[in-house]
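Engineer:
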Amino acid sequence: SWYDAPDEPTELVITFDKGDPVAINGEDMKPHEILTKLNEVGGANGVGRLDIVESRYVGMKSRGAYETPGGTVLFHARRALESICLDRGEMHMKDEMSARYSELIYNGFWFSPDREMMQAAIDKCSESVKGDVRLKLYKGNVIITGRRSPNSLFDEKLSTFEDDEGLYDQSDAGGFIKLNALRLRTLNRVRGGH
Numbered sequence: 256s257w258y259d260a261p262d263e264p265t266e267l268v269i270t271f272d273k274g275d276p277v278a279i280n281g282e283d284m285k286p287h288e289i290l291t292k293l294n295e296v297g298g299a300n301g302v303g304r305l306d307i308v309e310s311r312y313v314g315m316k317s318r319g320a321y322e323t324p325g326g327t328v329l330f331h332a333r334r335a336l337e338s339i340c341l342d343r344g345e346m347h348m349k350d351e352m353s354a355r356y357s358e359l360i361y362n363g364f365w366f367s368p369d370r371e372m373m374q375a376a377i378d379k380c381s382e383s384v385k386g387d388v389r390l391k392l393y394k395g396n397v398i399i400t401g402r403r404s405p406n407s408l409f410d411e412k413l414s415t416f417e418d419d420e421g422l423y424d425q426s427d428a429g430g431f432i433k434l435n436a437l438r439l440r441t442l443n444r445v446r447g448g449h
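With positions in the sequence shown counted from 1, the corresponding number in my numbering is that position plus 255.
Below you can see the structure in the form of C-alpha cells.
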C-alpha cells in the first residue's frame, strides 16, 4: 500500500516509439518485460490500486478492487508524451474514443469491427508519439518531471505570448473572440436572456 511505500521517490525514464513503451532508463525491453518491471516498481511505491463500485454490463452494481501499477505508470507517462506530440484535435478525438474503446474490451468485444475501426484510428494517432518521459513514483503518486520528443509540437516562442518574434499577435484575439461568441450572441438575440 502507499503508506508502506519508500520515503524517497523512485525515478524512471520511460521511452516510447509510435506510442508503445520500448525502454526503461535506457534499457530496451520487450512489452511484457516493461509491464513486469513497472508492476514491481509501481507496486512497491503504492501506485495503481483502485477500489470502486461500478455498473456491470448486465446492469448490476458490483464492487471491484483493482491493482495495476504498471498500467497506471504507463497511462500517466504516455499521456504526458501525448501532451506534446498530439495536437488539440487529436487529443480530443482520442479522449472521446477511449471510453468507448475501453468499454468494448471490458464487455468482451475485442474482435468486434467497431473495436478494430477504433484501433486503426488509435494506431494512426500514435505514429508521432515518440520520446522520453521522466517521472517519479512516490507514495501512490506518479509525478511527471519531464518530457521530450523529436515530434514535440510545443514551441516555447509561441507559448510565451510575449517576446515571440512576431509569431503571435495579441490583437488577433479580438476577432477570434467575436467569431467564437457568434453562436451565443445569436442565441441571446433569438431567445432573450443575458
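Virtual Cβ for every residue (Gly too), placed ideally from N, Cα, C.
Would Lys385 and Asn406 be called neighbours here (beta carbons separated by less than 7 Å)?
Structural biologist: Locating residue 385 in the sequence shown gives position 130, where the first residue counts as 1. Locating residue 406 in the sequence shown gives position 151, where the first residue counts as 1. It is a contact, given that the beta carbons lie within the stated cut-off.
Engineer: Does the count of Cβ pairs from the region 336–347 and the region 391–406 closer than 8 Å reach three?
Structural biologist: yes
Engineer: Give the secondary structure of Leu368 by DSSP, where H, G and I count as helix, E and B as strand, and everything else as coil.
Structural biologist: Locating residue 368 in the sequence shown gives position 113, counting from the first residue. First, the residue type needs correcting, since residue 368 is Pro and not Leu in the sequence shown. Of the three classes helix, strand and coil, the one that applies to Pro368 here is helix, per DSSP.
Engineer: Going by DSSP in three states, Ala376 sits in which element: helix, strand or coil?
Structural biologist: Translated into the one-based positions of the sequence shown, residue 376 becomes position 121. Helix at Ala376.
Engineer: For Ile269, tell me which candidate among Tyr258, Pro261, Ile289, Glu263 has the shortest Cα-Cα distance.
Structural biologist: To locate residue 269, count along the sequence shown from 1; it is residue 14. If we check each option's Cα against that of Ile269, Ile289 comes out closest.
Engineer: Quick check: the region 280–287 against the region 315–328, are at least 3 beta-carbon pairs closer than 8 Å?
Structural biologist: no
Engineer: Which of the three DSSP states, helix, strand or coil, is assigned to Asn396?
Structural biologist: Mapped onto the sequence shown, residue 396 falls at position 141. If DSSP states are grouped into helix, strand and coil, Asn396 belongs with the strands.
Engineer: In the DSSP assignment, the beta strand (DSSP E) including Ala332 goes from what residue to what residue?
Structural biologist: As a first step, residue 332 must be located in the sequence shown, where it is residue number 77. In the DSSP assignment, Ala332 falls outside any beta strand (DSSP E) and within the unbroken alpha helix (DSSP H) covering 324–340.
Engineer: DSSP three-state call for Gly298: helix, strand or coil?
Structural biologist: Here residue 298 is taken as the residue at index 43 of the sequence shown, counted from 1. Gly298 falls in the helix class under three-state DSSP.
Engineer: Quick one: measure Cβ to Cβ for Leu267 and Leu390, integer angstroms, because I've assumed they're closer than 8 Å.
Structural biologist: For the purposes of this step, residue 267 is taken as the residue at position 12 of the sequence shown. For the purposes of this step, residue 390 is taken as the residue at position 135 of the sequence shown. 6 Å between Cβ atoms; contact.
Engineer: Checking 7 Å against the spacing of the C-beta atoms, do Asn300 and Leu392 come in under that value?
Structural biologist: Along the sequence shown, one-based indexing puts residue 300 at 45. Along the sequence shown, one-based indexing puts residue 392 at 137. A contact, by the Cβ cut-off of 7 Å.
Engineer: Whole-angstrom Cβ separation of Arg370 and Tyr361, contact assumed at under 8 Å?
Structural biologist: Position 115 of the sequence shown holds residue 370. Position 106 of the sequence shown holds residue 361. Between Tyr361 and Arg370 the Cβ distance is about 11 Å, and since that is not below 8 Å, they are no contact.
Engineer: What are the residues that DSSP puts in a beta bridge with Thr441?
Structural biologist: Along the sequence shown, one-based indexing puts residue 441 at 186. In the DSSP assignment, Thr441 forms no beta bridge with any residue.
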